[in-house]
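Chemist: What follows is a structure written as structure tokens; I'll ask about it next.
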Amino acid sequence: MNAVTPSNPRAPLSDEALRQLFLDARTHNAWLDRDVPDELLHRLADLMKLGPTAANSCPARIVFVRSPEAKAKLGPLMSEGNRAKTLAAPVNAIVGYDLRFYEKMGELFPHNPGARGWFEGKPAAIEENGLRNSSLQGAYMILAARALGLDCGPMGGFDRAGIDAAFFPSGTIRSNFVCNLGYGDPAGLRPRLPRLDFEDFCSIV
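Per our numbering, the very first residue in the sequence shown carries number 1359; after that it's consecutive.
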């Protein structure tokens, strides 16, 4: 691993860290009976919120589902193939995006008082920014969870209108995806699926 020097102020992560975040990390479908405490969810949120979003708009809104009552509402709203693993996971993170995120721009982007006007009253800009940047924040959440020792199972496959009504009743937040969180059971893993080679999805120009 390279040392931190004036010409290299950020040393690469160790191979062990890269294994935990990417190389050995998997999408889990089976879960160990092990609790995820509230304190860990707070640490997770404190890490993920530091990732960049456009104009620091931070549109993601997350509901961590863990109580039996909340899971009873969520279960029927998941697709049949996602229901059992969702109910088995200690926590289910519903990642949504706030259609009124611009109301906090004065707090989040204070050096430009006009930033709110980039979005307010512009539904297409609101939707584009909300979906794109909540997706980014959801990805930061996955990496933060892995960094803290948790496993993840992100997925679509749910009744979006039903989840919005049940968990975002204000009507101003739309669900993006659901991510199960906990400690995965390796016995439930399938072989890793293939990925594209560099040349198949990248170019250098």
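Virtual Cβ for every residue (Gly too), placed ideally from N, Cα, C.
Less than 7 Å between C-beta atoms, sequence neighbours within five positions excluded: which residues of the same chain meet that for G1514?
Modeler: Taking the sequence shown and counting its residues from 1, the one referred to as residue 1514 is at position 156. Excluding residues within five positions, the ones whose Cβ falls inside 7 Å are F1535.
Chemist: Is it buried or exposed for S1425, if we count other Cβ within 10 angstroms and need 16 for buried?
Modeler: Position 67 of the sequence shown, counted from the first residue, corresponds to residue 1425. With fewer than 16 other Cβ atoms within 10 Å, it is exposed.
Chemist: Any contact between the region 1407 to 1424 and the region 1448 to 1457? By contact I mean 3 or more CB pairs, one from each, below 8 Å.
Modeler: Touching, yes.
Chemist: Using the Cα positions of K1443 and A1375, report the straight-line distance between them to the nearest angstrom.
Modeler: Mapped onto the sequence shown, residue 1443 falls at position 85. Mapped onto the sequence shown, residue 1375 falls at position 17. Distance between the alpha carbons of K1443 and A1375: 27 Å.
Chemist: Tell me the start and end of each unbroken beta strand (DSSP E) in the region 1382 to 1446 that is at least 3 residues and wholly inside, in chain order.
Modeler: The qualifying runs are 1418 to 1423.
Chemist: Label L1435 either buried or exposed according to how many other C-beta atoms from any shown protein chain fall within 10 Å of its C-beta, with 16 as the threshold for buried.
Modeler: Against the sequence shown, residue 1435 aligns to sequence position 77. Buried, by the Cβ-count rule.
Chemist: Determine the extent of the beta strand (DSSP E) in which N1538 is found, giving its start and end residues.
Modeler: Indexing the sequence shown from 1 puts residue 1538 at position 180. N1538 -> beta strand (DSSP E) spans I1531 to G1540.
Chemist: Just the C-alpha distance for L1381 and F1526, rounded to the nearest angstrom, thanks.
Modeler: Residue mapping note: residue 1381 aligns to position 23 of the sequence shown, counting from 1. Residue mapping note: residue 1526 aligns to position 168 of the sequence shown, counting from 1. Cα to Cα, the separation comes out at about 35 Å.
Chemist: For the candidate residues R1532, D1373, P1367 and G1439, whose alpha-carbon lies nearest to that of L1457?
Modeler: Along the sequence shown, one-based indexing puts residue 1457 at 99. The shortest C-alpha separation from L1457 is found at R1532.
Chemist: What's the C-alpha gap between V1394 and G1540?
Modeler: Your numbering for residue 1394 matches position 36 in the sequence shown. Your numbering for residue 1540 matches position 182 in the sequence shown. V1394 and G1540: Cα-Cα distance of roughly 6 Å.
Chemist: Just the Cα atoms here: how many angstroms apart are R1419 and Y1455?
Modeler: Here the question's residue 1419 lines up with position 61 in the sequence shown. Here the question's residue 1455 lines up with position 97 in the sequence shown. Rounded to whole angstroms, R1419 to Y1455 spans 5 Å at the Cα level.
Chemist: Determine the DSSP secondary structure at A1545, reduced to helix, strand or coil.
Modeler: Against the sequence shown, residue 1545 aligns to sequence position 187. The answer is helix: DSSP assigns A1545 an H, G or I state.
Chemist: Pull up the distance between the alpha-carbon of L1501 and that of L1399, whole angstroms please.
Modeler: Translated into positions along the sequence shown, residue 1501 becomes position 143. Translated into positions along the sequence shown, residue 1399 becomes position 41. About 13 Å.
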